[in-house]
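S.K.:
Residue numbers (my numbering): 64 to 211.
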């Protein structure tokens with residue numbers, strides 16, 4: 064499956080690891096040229112962007128373990144704002160305890176994914192993620208029109 068040619072999706076990644084951005088960007092570009100990835104290195108950077116953006120992202124990926132504002136804190140922020148709460152947020156991390164996974168879902172995570180260790184595994188995980196979120200699922204239409 065692939066993204067329909069007339070659709071364009073914007074994905075926001077909140078992760079302080081530059082290597083994760085490059086791996087994810089590589090996997091997304093291999094999946095479709097119609098997906099744009101934006102990176103923020105700290106969760107608090109995204110809060111202002113989301114509140115003031117003309118369009119909202121199709122999907123937000125956030126690392127659970129971020130300095131200052133954690134993935135769960137960002138989830139609470141997004142899910143507490145009427146104009147943002149329908150944005151699907153996927154939490155991903157290299158290591159999470161069961162109670163942290165529970166906290167993510169309780170805070171409104173659409174899903175929790177463990178980071179893959181290699182390029183091929185990452186590409187497969189991202190293909191599965193894209194097939195689900197951009198082909199199978201009908202994303203909500205936001206008050207501010209989504210890019211997907």
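Note that beta-carbon positions come from the ideal geometry of N, C-alpha and C, so glycine has one too.
By DSSP, does residue 123 sit in helix, in strand, or in coil?
M.R.: Taking the chain shown and counting its residues from 1, the one referred to as residue 123 is at position 60. In the structure shown, residue 123 sits in a strand (DSSP, three-state: E or B).
S.K.: Just reading off the alpha helix (DSSP H) that residue 141 is part of, what are its end residues?
M.R.: Residue numbering aside, residue 141 sits at position 78 when the chain shown is read from its first letter. 134-142 is the span of the alpha helix (DSSP H), which, as asked, contains residue 141.
S.K.: Going by DSSP, which residues form a beta bridge with residue 155?
M.R.: Your numbering for residue 155 matches position 92 in the chain shown. Note: residue 155 sits in a beta bridge opposite 126, 176.
S.K.: In terms of residue numbering, what span does the alpha helix (DSSP H) encompassing residue 109 cover?
M.R.: One-based indexing of the chain shown puts residue 109 at position 46. Residues 106-115.
S.K.: Cutting at 6 Å between CB atoms, please list the residues of its own chain near residue 151, excluding the five before and the five after it.
M.R.: Here residue 151 refers to the residue found at position 88 of the chain shown. 122, 173.
S.K.: Alpha carbon to alpha carbon, what distance is there between residue 124 and residue 76?
M.R.: Walking along the chain shown from the start, residue 76 turns up at place 13. Walking along the chain shown from the start, residue 124 turns up at place 61. The alpha-carbon atoms of residue 76 and residue 124 are separated by roughly 5 Å.
S.K.: Which residue from 134, 90, 87, 98 puts its Cα closest to that of residue 239?
M.R.: Missing from the structure shown is residue 239; the chain here goes from 64 to 211 and no further.
S.K.: Any chance the stretch 162-179 sits against the stretch 127-147, with 3 or more Cβ pairs inside 8 Å?
M.R.: Output reads yes: the stretch 127-147 touches the stretch 162-179.
S.K.: Given residue 132, which residues of its chain have a CB within under 6 Å of its CB, disregarding the five upstream and five downstream residues?
M.R.: Taking the chain shown and counting its residues from 1, the one referred to as residue 132 is at position 69. Within the same chain, residue 132 has close Cβ partners 106, 107.
S.K.: Below 8 Å, how does it come out for the stretch 191-200 and the stretch 86-101: are there three or more Cβ pairs, yes or no?
M.R.: Yes: the two stretches touch, three or more of their Cβ pairs being nearer than 8 Å.
S.K.: Who does residue 100 pair with in a DSSP beta bridge?
M.R.: Working through the chain shown from its first residue, we reach residue 100 at position 37. Per DSSP, 74.
S.K.: Applying the criterion that 16 or more other CB atoms from any shown protein chain within 10 Å of the CB defines a buried residue, is residue 148 buried or exposed?
M.R.: Taking the first residue of the chain shown as position 1, residue 148 is located at position 85. The residue is exposed, with fewer than 16 neighbouring Cβ atoms inside 10 Å.
S.K.: Are there 16 or more other CB atoms within 10 angstroms of the CB of residue 120, so buried, or fewer, so exposed?
M.R.: On the chain shown, position 57 is the one that residue 120 refers to. Residue 120 comes out buried.
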